[in-house]
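**Student:** Numbering (the numbering used here), first residue to last: 9 to 199. Note that the Cβ used here is the ideal one computed from N, Cα and C, for glycine as well. Below are the structure tokens for one structure; questions will follow.
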Amino acid sequence: MAINKCCCCIPLRAGVIIISIIWLLVGAYQTIRGIINLVSLPGTDGNGIFSVGLFQNLRAFIIITIVLYALVTIGAAFGLFVVICANKSRMLLIYSKIAYCIAAIQIISNILDIIAIALFNKEMEKICQEFSSFQSNNSCSTINKASLAYGIIITIIVAIFVIYFAIVISAYAHRKRENEDANKDNNPPYY
Numbered sequence: 009m010a011i012n013k014c015c016c017c018i019p020l021r022a023g024v025i026i027i028s029i030i031w032l033l034v035g036a037y038q039t040i041r042g043i044i045n046l047v048s049l050p051g052t053d054g055n056g057i058f059s060v061g062l063f064q065n066l067r068a069f070i071i072i073t074i075v076l077y078a079l080v081t082i083g084a085a086f087g088l089f090v091v092i093c094a095n096k097s098r099m100l101l102i103y104s105k106i107a108y109c110i111a112a113i114q115i116i117s118n119i120l121d122i123i124a125i126a127l128f129n130k131e132m133e134k135i136c137q138e139f140s141s142f143q144s145n146n147s148c149s150t151i152n153k154a155s156l157a158y159g160i161i162i163t164i165i166v167a168i169f170v171i172y173f174a175i176v177i178s179a180y181a182h183r184k185r186e187n188e189d190a191n192k193d194n195n196p197p198y199y
């Protein structure tokens, strides 16, 4: 079954533009947020070197996330340019491949978030217990379990959406190519 509209009601071209803008904004936001988190993490000395064990490992996750979302931002900016300015099937087919890469990057990034939550679960529980009263030890454990469940649910929802978005972009690229091929067949070049 071919996709004719994005989300059943938006024309494909407009849907691809909206998807590209969403990815551009999310990518830029996550990149900036990651840089701010990297700079402001506790346990750093004046040079940005992490001195606490937990945050040495967390730094690697943040750097990977920054790089991944910077790639999302670049890919979405390229796609937005292609859809608005170039709008040629060849460029759109390239963007459809980039869209699948963006989907993979977002899924990988969310999986890394889940891994970080799982790996740092015990350390975060200890930090929570140190900063809260002795009566709330159980609530720290509950919060950590809930954050892991929340991360898994968000990852599943994001995966469904980004895969659908990539399929919409691919459908638009193929439709554009079919239209260009039909125009070539109907209007052969004159020599």
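#1: Considering L33, what are the terminal residues of the alpha helix (DSSP H) in which it resides?
#2: Mind checking whether S66 and V176 have CB atoms under 8 Å apart?
#3: Do the stretch 150-163 and the stretch 96-104 make contact, defined as three or more Cβ pairs closer than 8 Å?
#4: Quick one: what's C14 bridged to in DSSP?
#5: Measuring straight from C-alpha to C-alpha, what distance separates V47 and N194?
#6: Less than 8 Å between the C-beta atoms of F69 and A124, yes or no?
#7: Would you please state the rounded distance, in angstroms, between the beta carbons of A36 and T81? I believe it to be under 8 Å.
#8: Less than 8 Å between the beta carbons of I25 and L76, yes or no?
#9: Enumerate in chain order the residues of its own chain whose CB-to-CB distance from G23 is below 8 Å, with the five nearest sequence positions on each side excluded.
#10: Pick from I44, L156, V91 and E133: whose alpha carbon is nearest that of S28?
#11: Whose C-alpha, out of I135, T73, A111 and T150, is nearest the C-alpha of Q38?
#12: Helix, strand or coil for N152? Go by DSSP, reduced to three states.
#13: Sort A78, N118 and E133 by Cα distance to F169 and report the nearest one.
#14: What separation, rounded to the nearest whole angstrom, lies between the Cα atoms of E131 and V34?
**Tutor:** Considering the structure as presented:
#1: Looking at the DSSP string, the run of the alpha helix (DSSP H) that includes L33 is L20 to S48.
#2: The amino acid occupying residue 66 in the given sequence is Leu; Ser does not appear at that position. Result no, Cβ atoms of L66 and V176 do not sit closer than 8 Å.
#3: With the cut-off at 8 Å, the stretch 150-163 and the stretch 96-104 do not touch.
#4: I18.
#5: For V47 and N194, the gap between their C-alpha atoms comes out near 59 Å.
#6: Yes, the pair counts as a contact, with Cβ atoms nearer than the cut-off.
#7: Right, the Cβ-Cβ distance comes to about 5 Å (below 8 Å), so this counts as a contact.
#8: Going by C-beta atoms, I25 is not nearer than 8 Å to L76.
#9: Hits under 8 Å: K13, C14, C15, V176 and Y180.
#10: Distance from the Cα of S28 is smallest, within the candidate group I44, L156, V91 and E133, for V91.
#11: Ranked by how close their Cα comes to the Cα of Q38, the residues I135, T73, A111 and T150 have T73 in first place.
#12: The answer is helix: DSSP assigns N152 an H, G or I state.
#13: Checked all of A78, N118 and E133; the closest Cα to F169 is N118.
#14: Looking at the backbone, the Cα of E131 and that of V34 are separated by about 29 Å.
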